[in-house]
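S.K.: Sending over a structure as structure tokens; questions will come in a sec.
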Amino acid sequence: MKKYFIAAFLVSGILLGAGEFNVKKFGAKGDGKTDDTAAIQAAVSSAAKKLRWFRNHGKHPRSSYFATGITVTFPHGVYKVSRTIRVGSNISLAGKDSAPMIKWAGTDDGVMFDINPQRNRVEKLSFSGAGVQLKFSNKNVDKTMITIRDCQFFYAEKIAVLLEPEKSVNHLSSQTLIDGCLFSKIKRCVQNYGDLMEIRNCWVDFAQPQLADGAAFINRYGTLRLAFCCLTPSANPDKGPLYYHNARWVDNYDRFEAESVRFGAEGGGIPAVYNYAGPAKGHPWSQGGRVAIYNSLLGCGQLRRENGAVIRLFALPAQIVIENCYTMTAVPFIVCDSSLDVDAEIKTNPRGTARISYHIFNNKIANPAVNLVPSELKRFFRKESDCPFGKVVPRKIPEQVTGKRK
């Protein structure tokens with residue numbers, strides 16, 4: 001009887017071990033020297049084969065399928081990866097200990113993880129190098145949910161987290177949460193291309209030489225929301241090859257919101273938002289671009305920076321709100337870029353621009369003579385707005401003092 005229990009224990013242990021998708025059980029070393037690409041891909045591919053799928057009766061689109069979900073785990077170590085790891089839907093990646101490092105050893109523009117998401121999580125991992133560290137792309141699968149939590153991103157040559165629809169569709173039907181992450185020494189942090197994305201409790205170190213002509217966050221579609229994030233730029237080193245004039249925190253093409261965000265003033269600070277989203281151009285006329293910033297520190301540049309402003313408009317969004325913000329630096333609230341002709345916008349889209357509504361209220365202004373809103377925008381403001389209006393001349397923004405950057 002004793003032998004039977006020992007044998008049963010050993011068999012159950014083997015079966016339990018076979019069900020754990022620990023990358024080291026598939027041959028990964030995690031020593032920072034051995035190429036672990038094949039082992040990690042084997043763990044991911046093996047996990048995908050163990051998924052159990054469910055759906056309602058009859059023929060339904062892919063979005064009606066549900067899976068059990070499996071996690072591939074990384075024990076503490078440094079995992080060298082030289083080729084793209086392809087991850088299917090409902091496969092999650094997680095560090096078993098404190099943020100194991102996955103280090104790229106391929107080409108500078110390579111993609112580290114190419115994920116086809118449905119319900120996927122990435123947790124407690126660190127990523128270093130590669131062009132794109134986490135890419136999420138699908139054919140607009142409904143109910144796509146992506147969670148990235150307690151991760152660290154370093155030295156991405158292009159961008160750390162990229163949401164991008166496949167060519168046959170124009171966006172992802174996705175809800176994305178990025179929580180408790182660190183972004184440091186990277187060219188770009190995140191691009192949203194889905195319905196909803198919230199980035200909260202994150203720290204961003206946007207510094208030279210990675211600070212470049214462009215935005216840390218890009219919102220191509222849907223709503224991007226930053227909440228309780230600490231954003232620190234190193235914006236103004238001595239003029240020279242590392243001095244860039246056109247860095248900013250957010251490029252907005254749809255709807256952007258910020259709540260309790262520190263738009264830091266290190267090195268003089270950089271603008272919060274470049275807005276490219278316009279008013280509605282058809283039914284429903286209540287839609288259109290949006291920029292809303294609440295309860296935030298606005299260290300958004302200085303007078304000697306050509307692009308210094310809280311918001312720079314390349315198009316007229318349907319809504320702007322700036323409320324209860326503080327530590328405002330000596331820059332305008334809004335600058336209309338020289339490419340924006342307000343009167344022409346009204347003439348070409350009278351129904352859309354008639355529904356524009358702006359509101360700037362109860363902010364701690366540093367200098368009323370500088371913290372202005374362009375007079376040509378006053379017609380769009382609600383009566384209770386308390387911001388000063390005046391002439392704001394947009395200054396030309398050189399691409400780079402020492403020449404063009406690709």
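Every letter in the sequence shown is one number past the one before it in this note's numbering, and letter 122, counting from 1, is 122.
We put the CB at the ideal spot given by N, CA and C, even for glycine.
(1) Hey, could you find the ends of the alpha helix (DSSP H) Glu259 is sitting in?
(2) Is the segment 335-349 close to the segment 293-304, with three or more CB pairs under 8 Å?
(3) How many angstroms separate the CA atom of Arg382 from the CA atom of Trp249?
(4) Hey, would you say Ile40 sits closer than 8 Å to Ala28, going by beta carbons?
(5) In angstroms with no decimal places, state the Cα-to-Cα distance between Lys167 and Ala215.
(6) Hey, how far is the Cα of Ala354 from the Cα of Leu377?
(7) Here's the rule I'm using: 16 or more other beta-carbon atoms within 10 Å means buried, otherwise exposed. How should Lys103 be labelled?
(8) Taking the alpha helix (DSSP H) that Ile411 belongs to, which residues open and close that run?
(9) Please classify Ala330: does DSSP put it in a helix, a strand, or coil?
(10) Who are the near neighbours of Arg119 in its chain, counting only those whose CB is closer than 6 Å to its CB and skipping five residues on each side?
(11) Is Asn475 near Ala315, with beta carbons less than 8 Å apart?
(12) Using 8 Å as the threshold, is the C-beta distance between Asn252 and Ala227 below it?
(13) Going by the CB atoms, is the gap between Pro368 and Ala309 shorter than 8 Å?
(14) Glu384: which of Ser338, Pro394, Glu323 sits nearest, CA to CA?
(15) Should Pro284 go down as buried or exposed, given a rule of 16 or more other Cβ atoms within 10 Å for buried?
(16) Output yes or no for whether 8 Å exceeds the beta carbon distance between Glu123 and Gly88.
(17) Since Lys347 is in the beta strand (DSSP E), which residue starts that stretch and which ends it?
(18) Report all residues from its chain with a CB closer than 8 Å to the CB of Ser92; omit the five preceding and five following residues, and keep chain order.
(19) Tell me the DSSP bridge mates of Gln191?
(20) For Asn246, which residues in the same chain have their Cβ closer than 7 Å to its Cβ, ignoring the five residues on either side in sequence?
(21) In whole angstroms, what is the alpha-carbon distance linking Asp386 and Phe361?
(22) Would you kindly check if the distance between the Cβ of Ala160 and the Cβ of Ile199 is under 8 Å?
(23) Which word fits Tyr79, buried or exposed, when buried means at least 16 other C-beta atoms lie within 10 angstroms of its C-beta?
(24) Using the Cα positions of Val44 and Trp203, report the straight-line distance between them to the nearest angstrom.
M.R.: Let me lay it out:
(1) Counted as a single uninterrupted DSSP element, the stretch harbouring Glu259 is not any alpha helix (DSSP H) but the beta strand (DSSP E) occupying residues 255-259.
(2) The segment 335-349, when compared against the segment 293-304, does not touch it at the 8 Å Cβ threshold.
(3) In this structure, the CA atom of Arg382 is about 27 Å from the CA atom of Trp249.
(4) Yes, they are a contact pair.
(5) When only Cα atoms are considered, Lys167 and Ala215 end up about 23 Å apart.
(6) So the alpha carbons of these two residues sit roughly 13 Å apart.
(7) Looking at its Cβ environment, which holds 16 or more other Cβ atoms inside 10 Å, Lys103 is buried.
(8) The structure shown does not extend to residue 411, since the chain spans only 1 to 406, so no value can be given for it.
(9) Correct three-state label for Ala330: coil.
(10) Closer than 6 Å at the Cβ level, and outside the excluded window around Arg119, lie Asn90, Met145.
(11) In the structure as shown, the chain begins at 1 and stops at 406. Residue 475 is therefore absent and cannot be evaluated.
(12) Cβ atoms of Asn252 and Ala227: not closer than 8 Å.
(13) No; because the gap between Cβ atoms is not below 8 Å, this pair is not in contact.
(14) Closest by alpha carbon: Glu323.
(15) In summary, Pro284 is exposed, with fewer than 16 beta-carbon neighbours lying within 10 Å of its beta-carbon over all protein chains present.
(16) No, they are not a contact pair.
(17) In the DSSP annotation of this structure, Lys347 is not part of any beta strand (DSSP E); the continuous alpha helix (DSSP H) holding it starts and ends at 342-348.
(18) Around Ser92: Gly69, Ile70, Thr71, Val72, Asn120, Arg121, Val122, Glu123.
(19) Looking at the DSSP assignment, Gln191 forms a beta bridge with Leu162, Ile218.
(20) So the qualifying residues of the chain are Asp213, Asn307, Ile397, Glu399.
(21) Approximately 5 Å, taken between the alpha carbons.
(22) For Ile199 and Ala160, no; Cβs fall outside 8 Å.
(23) Tyr79 should be labelled buried.
(24) The alpha-carbon atoms of Val44 and Trp203 are separated by roughly 29 Å.
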